[in-house]
Amino acid sequence: MPAEVEFPDEFGRPLLRSGVSDRIWALMKTDKAAFMREVKRYFAIAYPGWTVVRAKYPDIFLRDDRERSASVAE
Amino acid sequence: MLNDITVFDFETSGLNAREDRVIEMAAIRVIDGEVVTEFETLVRLDGRELPPKVTELTGIRPEMLAGAMDETIAFKILRNIMGGSLLVAHNAAFDLAFLHWAMQRIGGKTFENPFLDTMTVARDRFTYPHKLEDLCRRLGIGLTGAHRALNDVYGCWELLKAMHEEDPVDTWVNRLGYLRKYPPPEWVPEHAKVFPTDNKYEQRGAAG
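Going down the list, the sequences are from chains A and B.
According to my numbering, the first sequence is numbered sequentially starting from 1.
According to my numbering, the second sequence is numbered sequentially starting from 75.
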């Protein structure tokens with residue numbers, strides 16, 4: 001039996017599991033829009049080219065769009 | 075033995091596994107040759123300064139760590155991903171020591187996973203140098219952005235596959251070589267078989 005990919009993307013490859021600080025997670029309960037803004041801002045700095053697709057504590061799942069980002073920039 | 079492995083890598087704030095901290099970690103769990111989990115995160119440095127030399131080497135800047143994952147959560151996720159798999163790292167003595175001391179700090183525990191050090195294998199098979207980027211270049215493995223954890227993890231995984239294809243590496247499990255001209259690592263897993271080794275160098279002027 002083939003191994004099962006955890007949290008696959010549309011091509012069956014695993015999404016990248018990553019995360020943010022508890023300070024940012026705390027916003028999820030009080031201000032969801034601010035949480036999303038902070039998460040997007042954080043990953044734009046920390047892992048540019050990766051797109052946030054899902055957030056479920058303690059994981060933030062990212063899709064690898066680095067090649068797409070590079071071709072857009074060219 | 076190699077049908078269930080976790081290849082992992084740490085970028086750290088310094089070289090002392092007991093005192094310094096992991097600032098980025100990455101891991102892939104590979105079952106029967108397929109990557110089933112991919113994990114990478116920066117780790118918040120609690121009240122510590124990031125040495126400029128580390129930024130120079132890794133490109134990781136202090137502002138990137140400000141909103142990063144807390145250390146305890148990061149190591150809990152990593153341990154969950156690793157499970158009971160074989161741990162694989164390049165220069166594993168370094169990464170295993172950081173893993174041990176973080177686990178000690180967080181929960182007073184350590185790990186018992188078997189491990190494989192690709193640098194120990196490479197020293198036996200190839201001439202100097204044995205840094206991951208050198209070996210990848212030599213074997214035609216693409217490694218862009220060395221010294222960022224996930225890039226190094228994939229480089230290490232490709233290196234392991236190439237060496238295993240050439241000659242199975244199973245006998246290298248739990249063996250940890252260190253350069254004879256230096257002291258042995260300060261901390262190694264209890265199940266490690268530690269031995270001194272020497273670099274091999276290419277013969278110069280052998281031809282003609």
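Backbone N, C-alpha and C fix where the C-beta goes; we use that ideal spot for every residue, glycine too.
When the Cα atoms are used, what is the spatial distance from residue i to residue j?
i                : j                : result
Ala57 (chain A)  : Trp25 (chain A)  : A quick correction: the sequence has Tyr, not Ala, at residue 57 (chain A). Answer to the nearest angstrom: the Cα atoms are 8 Å apart.
Cys210 (chain B) : Phe200 (chain B) : 12 Å
Lys40 (chain A)  : Gly133 (chain B) : 20 Å
Leu124 (chain B) : Met99 (chain B)  : 16 Å
Gly282 (chain B) : Arg197 (chain B) : Confidence at Gly282 (chain B) is low in this model, with a pLDDT of 42, below 50, so its placement is unreliable and no value can be given for it.
Trp175 (chain B) : Glu145 (chain B) : 12 Å
Lys205 (chain B) : Cys230 (chain B) : 11 Å
Gly19 (chain A)  : Arg118 (chain B) : 11 Å
Met1 (chain A)   : Glu239 (chain B) : Bear in mind that the predicted position of Met1 (chain A) carries a pLDDT of just 48, short of 50, making it too unreliable to give a figure here.
Determine whether the Cβ of residue i lies closer than 9 Å to any Cβ atom of chain B.
i               : result
Ala46 (chain A) : yes
Ala26 (chain A) : no
Val52 (chain A) : no
Asp65 (chain A) : no
Asp59 (chain A) : yes
Judging by CA-CA distance, which residue of the options is the nearest neighbour of residue i?
i                : options                                : result
Asn273 (chain B) : B:Tyr202, B:Pro263, B:Arg222, B:Gly251 : B:Tyr202
Glu38 (chain A)  : A:Leu62, A:Arg23, A:Phe11, A:Pro48     : A:Arg23
Asn154 (chain B) : A:Asp9, A:Gly49, A:Arg17               : A:Arg17
Thr194 (chain B) : B:Glu112, B:Asp78, B:Gly181, B:Lys267  : B:Lys267
Go ahead and pull the three-state DSSP assignment for residue i.
i                : result
Pro125 (chain B) : coil
Met156 (chain B) : helix
Gly107 (chain B) : coil
Met1 (chain A)   : Note that Met1 (chain A) has pLDDT 48, beneath the 50 cutoff, so the model's placement of it is unreliable and no number is given.
Val81 (chain B)  : strand
Gly282 (chain B) : With a pLDDT of only 42 at Gly282 (chain B), under 50, the local geometry of the prediction cannot be trusted, and the value read off the model is given with reservation. Gly282 (chain B) falls in the coil class under three-state DSSP.
Met75 (chain B)  : coil
Using the beta-carbon of each residue, which ones in chain B are nearer than 7 Å to residue i?
i              : result
Glu4 (chain A) : Val110
Output, in chain order, the set of chain A residues within a Cβ distance shorter than 9 Å of residue i.
i                : result
Ala142 (chain B) : Gly19, Val20, Ser21, Tyr42, Ala46
Find the residues of chain B that neighbour residue i, judging by a C-beta separation of less than 9 Å, and give them in chain order.
i               : result
Glu38 (chain A) : Gly141
Starting from residue i, find everything on chain A with Cβ-Cβ shorter than 8 Å and list it in chain order.
i                : result
Pro113 (chain B) : According to the sequence as given, residue 113 (chain B) is Phe; it is not Pro. Leu16, Arg17, Ser18, listed in chain order.
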